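Data first, discussion second: the structure below is written as structure tokens.
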Amino acid sequence: MSWHPQYRSSKFRHVYGKPASKENCYDSVPITRSVHDNHFCAVNPHFIAVVTECAGGGAFLVIPLHQTGKLDPHYPKVCGHRGNVLDIKWNPFNDFEIASCSEDATIKIWNIPKQLLTRNLTTYRKELIGHARRVGLVEWHPTTANILFSAGYDYKVMVWNLDTKDSVIAGPVKTINCHQDVILSMSFNTNGSLLATTCKDRKIRIVDPRLGIVLQEASYKGHRANKVLFLGSLKKLLSTGTSRWNNRQMALWDQENLSVPLTEEDLDGSSGVLFPFFDSDTSMLYIVGKGDGNIRYYEVSMEKPHLTYLTEYRSYNPQKGIGIMPKRGLDVSSCEIFRFYKLITTKSLIEPVSMIVPRRSESYQEDIYPPTAAAQPSLTAHEWLSGMNRGPIMMSLRPGSELLDSQTLPPERPLSNSMVQVSPQPLEPMKQPAEDGDQAPFSLLEEKLAKWTAEHHLGEKSCLTNGFDVFECSPPKTENELLQMFYRRQEEIRRLRELLIQREVQTKQLELEIKNLRMALGQL
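Residue numbering for the sequence shown follows the working numbering, beginning at 166 and increasing consecutively.
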């Protein structure tokens, strides 16, 4: 019998939740009273959108992220639906475009102006008409521009191509008809080649979103799934729902075999829906319960027991809905790795809660911020519809990082799963010189190498710490001088470590640029 320690080494074991102060919350927000089991909130680095109460149709608010405090009771709304708004989602590649769906059986695409709204926004950019009954879910494709998915109470999932000049789109490019009841949730894998759904018949399905065929189906009787989530590149699914004894439960599944879950865990006997969120950068799983104020979080691994409980953020304020900030909008200076926005209807309050890794150093923590998905698509709608798959373009969260340096492939991602990801920016200078010869594309890289070498030598010449040259100093004669020398050496060691980290990051970025350029030349 093997012994497993109760605690294992993890840099996220001491993560804690930090609620925002009262002045940094959003107060007097008329949050919707709908009983629909959705998030009712969508967040990006510029805005927070929340479904609100509105007489004579459906509406939602779009509040600039910095505009905290008490909300004006006459604050302008985004309204145009004839029925209640059931779901809203920001475009992951455009922070000023949002999709909404409603009980009026339509989906609308809105352009949000950069300046503050001064009156109600009623003019939408596009209207999608195709569902016969109300539309409960919308989801943007994770890597492709202008592809939107919707799920309605007509038991259909529809795929929409927004890359058209028409303001009214009367039909989808694909309709998925494999469900026998209302669809409760949708989730994509990393490159968007697979779609997982849960249905009111309590079955989990993995569907090919382009062909509309069911690849895997779970009909396990011991777990009645309500929400489902792909766990990044781990090739696993996580579902939340209820057990045979009506306890709230989560189950972990192998993506290739949905006959029996890998593990099940009962949480409690409450009745609210559990919303799962997964951070693929840190492999952390967050479980948020509707109607309670707690947020449980776990670490997910490939080895058994797969799910390692870390701890729980506790609050007396129950949330009706929840929003999450994309990784590119986090505060890396405070070691923030996730941020929730809790909708507290009892107080008409939106409360941000930051998940923080306690660190003493104020410098950028490379180990907790690996490359993350950038706000740039890796495929066009036509490419994806024609059968291409490509993983997300990656970026670094280090302050001041250029987008050119950020858009890289994760080293562990195989080429079979994600095709070559080349930023449009490095390709621009290549288009003109490519006609002159094969060596031209490397001119940009040579310039970067020369610049890096010059900076490297410049850094070597400067060995001063607070105006003191550590290499041309006389030996200390007194205890006080010895202490001063010790502190100066400590400061120099710290500075050199930071310099070494910067050099390593620059080296990795240059290696990835070389890889991208070689792949681009192979395509040409």
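Where a beta carbon is used, it is the ideal one built from N, C-alpha and C, also for glycine.
Just so it is clear, the structure is predicted and the values come from calculations on it, not from any experiment.
Environment of residue i [buried if 16+ CB atoms lie within 10 Å]
i: residue 542; result: buried
i: residue 434; result: exposed
i: residue 328; result: exposed
i: residue 363; result: buried
i: residue 547; result: exposed
i: residue 417; result: buried
i: residue 277; result: buried
i: residue 467; result: exposed
i: residue 238; result: exposed
i: residue 672; result: exposed
i: residue 307; result: buried
i: residue 532; result: exposed
i: residue 283; result: exposed
i: residue 372; result: buried
i: residue 123; result: The requested residue 123 is not part of the displayed model; the chain covers only 166 to 689.
i: residue 674; result: buried
i: residue 144; result: It is not possible to answer for residue 144, since the shown part of the chain is limited to 166 through 689.
i: residue 245; result: buried
i: residue 423; result: buried
i: residue 233; result: buried
i: residue 200; result: exposed
i: residue 374; result: buried
i: residue 220; result: exposed
i: residue 469; result: exposed
i: residue 481; result: exposed
i: residue 576; result: The predicted model places residue 576 with a pLDDT of 36, which falls under 50 and marks its position as unreliable, so this point remains unresolved.
Residues sharing a beta bridge with residue i, DSSP
i: residue 272; result: 266, 293
i: residue 217; result: 196, 224
i: residue 207; result: 214
i: residue 520; result: 182, 503
i: residue 235; result: 192
i: residue 441; result: 452
i: residue 229; result: 212
i: residue 252; result: 266
i: residue 304; result: 314
i: residue 539; result: Paired residue(s): none; residue 539 is not in a bridge.
i: residue 428; result: 417
i: residue 515; result: 191, 508
i: residue 433; result: 413
i: residue 471; result: Residue 471 pairs with nothing; no bridge assigned.
i: residue 324; result: 314, 339
i: residue 246; result: 223
DSSP three-state assignment for residue i, whether helix, strand or coil
i: residue 486; result: strand
i: residue 316; result: strand
i: residue 351; result: strand
i: residue 340; result: strand
i: residue 114; result: The first residue shown for the chain is 166 and the last is 689, placing residue 114 beyond what the model contains.
i: residue 478; result: strand
i: residue 550; result: helix
i: residue 421; result: coil
i: residue 310; result: coil
i: residue 558; result: coil
i: residue 709; result: One cannot answer for residue 709 here, as it falls past the ends of the chain, which runs 166 to 689.
i: residue 532; result: helix
i: residue 286; result: strand
i: residue 544; result: strand
i: residue 258; result: coil
i: residue 277; result: coil
i: residue 565; result: coil
Cβ shell of residue i (< 6 Å), same chain only, five flanking positions each side left out
i: residue 296; result: 270, 317, 319
i: residue 183; result: 519, 521
i: residue 492; result: 537
i: residue 456; result: 437, 483
i: residue 252; result: 203, 266, 302, 303
i: residue 293; result: 272, 325, 334
i: residue 286; result: 243
i: residue 352; result: 361, 393, 394, 395
Proximity test, residue i beta-carbon vs the ligand GTP heavy atom, cut-off 7 Å
i: residue 482; result: For the structure depicted, the ligand GTP is absent and the ligand set is empty, with no information on it obtainable.
Residues near residue i by beta carbon distance below 7 Å, same chain, minus five either side
i: residue 475; result: 177, 178, 180, 462, 463, 464
i: residue 258; result: 310, 540, 541, 542
i: residue 298; result: 270, 317, 318, 319
i: residue 337; result: 295, 323, 324, 325
i: residue 426; result: 385, 388, 416, 417, 418
i: residue 396; result: 402, 403, 443, 465
i: residue 409; result: 387
i: residue 175; result: 464
Residues near residue i in its chain [Cβ-Cβ closer than 8 Å; skip 5 each side]
i: residue 400; result: 419, 420, 421
Mind pulling the beta strand (DSSP E) runs of 3 or more residues that sit fully within the region 361-418? 369-372, 379-383, 388-395, 401-408
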